[in-house]
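Protein sequence lines correspond, in order, to chains A and B. Each residue of the first sequence is one higher than the one before, starting from 1 at the first, in full-length UniProt numbering. Each residue of the second sequence is one higher than the one before, starting from 1 at the first, in full-length UniProt numbering. Beta carbons are placed, not taken as given, at the ideal position from N, Cα and C, and that holds for glycine. Predicted, not measured: the structure shown is a model, and the values here were computed from it.
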Amino acid sequence: NPYAGLVSHLRASWLAGKTRPMEYRVAQLEALGRFLDDKKQEILEATALDMGKPSFEAFFSEILLCKNELNVTLNNLCHWMKDEHVDKNLVMQLDSAFIRKDPYGVVLIIAPWNYPIHLFLVPLIGAIAAGNCAIIKPSEISKNTERLVAETLSCYLDTDCFAVVTGGVPETTSLLENKFDYIFFTGIPPVGQIVMTAAAKHLTPVTLELGGKNPCYVSDTCDVTNVARRVAWGRFFNAGQTCIAPDYLLCTIEMQEKLMPALREAITEFFGPNPRESPDFGRIVSDKQFRRLRALLSSGRVALGGQTDEAERYIAPTVLADVLPSDPVMQEEIFGPILPIVVIANMDEAIDFINARPRPLALYAFSCDSKIVNQVLERTSSGGFCGNDTLMHMTLTSLPFGGIGNSGLGKYHGKFTFDTFTHHRGCLHRNMGLETLNGPRYPPYTQQKLGLLTATFEVKRRGTCTLL
Amino acid sequence: MERMQQIVGRARAAFRSGRSRPLEFRIQQLKALERMVQEKEKEILAALKADLNKCGPNAYSHELLGVLRELVRAMENLPSWAAPHPVKKDLLTLRDKAYIHYEPLGVVLVIGAWNYPFLLIMQPLIGAITAGNAVVVKPSEVSENTAQLLAELLPQYLDKDLYAVVTGGAPETTELLTQRFDHILYTGSSRVGRIVMAAAAKHLTPVTLELGGKSPCYIDKDCDLSVACRRITWGKYMNCGQTCIAPDYILCHPSIQDKVVENIKATLKEFYGDDVKSSPDYGKIINQRHFKRILGLLEGQKIAHGGESDEASCFIAPTILTDVSPESKVMEEEIFGPVLPLVTVKSVEEAIEFINLREKPLALYVFSNKQQLITRVIAETSSGGMTANDVLMHCLVPDLPFGGVGQSGMGAYLGRYSFETFSHRRSCLIRDLRWEVVNKVRYPPGSMELMHL
């Protein structure tokens, strides 16, 4: 196996204990911060080349959000690493019971192309903070960013403990044959299955950040202008290539009528009369994705946008009206700047529609009536939920970010990333004395001993007290 | 195939009806389980006796007590566990509601093991019910009396559609695993753990695997040997060594090996009398297959104590082996029997190295009067959980997670950890449709100056 040597090398560094001291972890994390600062321009340029990512967006998602995660981690690492002491029962009052935060060892992070720095760096922050060694496998599809990461990350991180592996499907398959102590994968569900199956061979725990069709319900009582702006922002950010983008809209026919001019206005406000000329609107990452998306334009009818340019891989911010559930655009995660509107009669129908489909990564509901927002929340299931806005729940580092069912398993961001890459080890340090207290547990077993054991170990309902 | 599909389908339809979600309903089901344990105590103890020759007080304290404890803990804490957890907000979200919303996952599969056949079905079941799920349980067919009893009793006390019992062996389990579940908790061997995870991967189902391994026990020269050996003897020979967190083997300095043997022998006499075979407190090996397997491990070993066996009653006496070679068969696989190998090491460094050369165990034990030595062993090794100066006890601390790492498993449960394992933590951000001015910063046309706010 071409990567066995590399994995071995990292495992040796791990066994030598290099990554465990807090000072070491802080130094590596600070180096990542310098990477983001020094290479800011290069990151903006690489992502612009890869998918026409507007500098504003690239700065926000690839630099700013990453620095936030870095700072939250550096500010709290000392606290997170500490043993967590827990309550003890009567018999263990003289003992010490705590949760030790053990690193796993050598972890693998596989990142996708749409936020190519963010989606390897944020998991990596947690992996380093938790004391692991890591192999990073960026996506070969965002090839400029891949090259940047492969060439420059080694100048910042300790190459004995952190390595970048490049390549496509054959290389990733080969890499996955090795034993890792944790695998963090972001990508599409079918590949998530492949990763988990490979992990099963070694009993390697995994986090899978996948995707799906994120529904966006807009009720009849709402401020149409603001809704349109917030939905348009979430849909067209990164030209729609966002795992938590609102994938499709559910609303009544009356609301569809009202939304259309509001959406048109929002799009014009954001990107001008010709979005193709706006520096703030991205492009599709590859010819394959472009062709896939172009084919979806035949669903329903194009109410806004619809223009395409193959040479530039440009697809205009597009809204499709009168879309049927059976249309092609409703069969797969869109992952592009196309927003289909599916008309429903009322909220109940919208909820039934959502629940008849695989559970999404994100779910959105817009209404001036908080009871409606709450009902949608209570009667559906999704990775995360945002009421009256899109995307924003992922910017709060104190909220766990992850999917459910087909949209993924596990969660991260903030402390949750640290916890993801940490084995929480239950530890009990007992006293060697007071052996008589242990008497009731030893054979020969008697009813009397049992009575004593029950008294000391039983959890009593509140309101009663045990006298020993 | 159809039968499995029907059972799981029924559970899913029952879950979709929403009736397992209200807290009152869950508590009602948990209260029913409590009644079951109290009313059917005799039947449960009889099944455990038939399966593993566990006597009354033994079976009660090792299986029923743990179940009752878990039930009370769940009923007391459910309201606080299930309540939405508000989270710290930042500048942009100050006006919003941000919280973690706990929700059931859906239909959960619990696969039990034969060594604590009642406990290892009931504790996960309690956790899954508490979190609001529908549950399918598959008790081990090897402990057939307990499996049969659970199949009879659970439908008498619980909602029949939401909670189902499936009995059978490998073929039935394989079939069951082709169905889609929203979480699978499996207790058993690493070999089967792999099969379960691979099956789960097809549906992207999260798993908790409670597996095993060889749990090492290091005895330092500086410790109260008599106390240490009594505690070790208790944990090792309980249930005839068939405990996933039993101390599997001992590491100690050659100079104390003989004293260790003497102390364990003395304790064995104290526990089981002169004739172990006639002690009502000593169990039996579960079946012929394991009986033969364990006896096979004794080949070529120096037996310092024990070694007697009786095939008809699946009896193997408490056995101690000395000067065991690390390469021998008894040091390759998890023993899961009443055989305790002593491997000599010259120092704690050697012990740590020995442990780290092997797969991460489910439990790890160290006995010493020296705080520093214990601190070092904990810091330089990894394991599912551990106890210093005793054995097994870490699994009785209510707020410690119980689970493995590496080959000994993934995930954890018991108490609050069961609730978390069987719940989906859904992040929720509820914003206001007004205050749009705050959002203006983020909209195109973008300007880098605005960004540096």
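Asked, Found
"Residue environment, P2 (chain A), which counts as buried when at least 16 other CB atoms sit within 10 Å", "exposed"
"Amino acids of chain C, ordered along the chain, whose beta-carbon sits closer than 9 Å to that of Q123 (chain B)", "Absent from the structure is chain C; the protein chains it does hold are A and B."
"Any C-beta of chain B under 8 Å from that of E435 (chain A)", "yes"
"Local Cβ density within 10 Å of Y95 (chain A), reported as buried at 16 or more and exposed below that", "The residue you asked about is not Tyr; residue 95 (chain A) is Asp in the sequence shown. The residue is buried, with at least 16 neighbouring Cβ atoms inside 10 Å."
"Distance, K292 (chain B) Cα to E39 (chain B) Cα", "38 Å"
"The segment 388-398 of chain A in contact with the segment 220-233 of chain A per 3-pair CB rule at 8 Å", "yes"
"Assigned exposure category for H394 (chain B) - 16 Cβ within 10 Å defines buried", "buried"
"Short-range partners of chain A found in the segment 251-272 of chain B, where Cβ spacing is below 8 Å", "E270, F271 and Y272"
"Chain B residues whose Cβ lies nearer than 9 Å to that of G192 (chain A)", "A201 and L204"
"Beta strand (DSSP E) segment containing P340 (chain A), residue limits", "I338 to V343"
"CB of G167 (chain A) within 8 Å of CB of E140 (chain A), strictly", "yes"
"Per-residue burial, L434 (chain A) [other beta carbons within 10 Å of its own, 16 or more giving buried]", "exposed"
"Chain-ordered neighbours of I404 (chain A) on chain B, where CB pairs are closer than 7 Å", "H424"
"Cβ neighbours of M122 (chain B) in the same chain (closer than 7 Å, five flanking residues each side left out)", "V67"
"The segment 392-407 of chain A touching the segment 359-372 of chain A, judged by at least three CB pairs closer than 8 Å", "yes"
"Distance between beta carbons of M196 (chain A) and L204 (chain B), contact taken as under 8 Å", "7 Å"
"In DSSP terms, what residue 526 (chain A) is bridged to", "Look at the range of chain A in this structure, 1 to 468, and you will see that residue 526 (chain A) is not part of it."
"Local conformation of K302 (chain B) per DSSP, three classes", "strand"
"Beta carbon proximity, residue 478 (chain B) to chain A, threshold 8 Å", "Since the first and last residues shown for chain B are 1 and 453, residue 478 (chain B) lies out of range."
"Distance between R416 (chain B) and residue 474 (chain A) (C-alpha atoms, nearest Å)", "Coverage of chain A is limited to positions 1 through 468, which leaves residue 474 (chain A) absent and any answer about it impossible."
"E210 (chain B) classed as buried or exposed, judged by whether at least 16 other C-beta atoms fall within 10 angstroms", "buried"
"DSSP state of H202 (chain A) mapped onto helix, strand, coil", "helix"
"8 Å Cβ cutoff met for V107 (chain A) and G410 (chain A)", "no"
"Neighbourhood of N144 (chain A) by C-beta, 6 Å cutoff - its chain only, sequence neighbours within 5 removed", "A46, L49 and D50"
"Proximal chain A residues relative to E103 (chain B), where beta-carbon distance stays under 7 Å", "S381"
"Simplified DSSP assignment, three categories, for D247 (chain A)", "coil"
"Minimum length 3: unbroken beta strand (DSSP E) runs contained in the segment 174-225 of chain A", "182-186, 206-209 and 215-218"
"Proximity test, Cβ basis, 8 Å: A303 (chain A) and chain B", "no"
"Which listed residue (B:R191, B:Y116, B:N115 and B:A388) has its alpha carbon closest to that of I232 (chain B)", "B:A388"
"Selection from B:R69, B:I184 and B:P139 that minimises the alpha carbon distance to V107 (chain B)", "B:I184"
"Proximal residues to R194 (chain B) (C-beta, below 6 Å), its chain only, five neighbours per side dropped", "none"
"Residue environment, P215 (chain A), which counts as buried when at least 16 other CB atoms sit within 10 Å", "buried"
"M410 (chain B) - partner residues in DSSP beta bridges", "B:L209"
"Residues that L209 (chain B) contacts on chain A, provided the C-beta gap is smaller than 8 Å", "L203"
"Residues bridged to E84 (chain A) (per DSSP)", "A:I99"
"Cβ-Cβ distance between M4 (chain B) and L203 (chain A) below 8 Å", "no"
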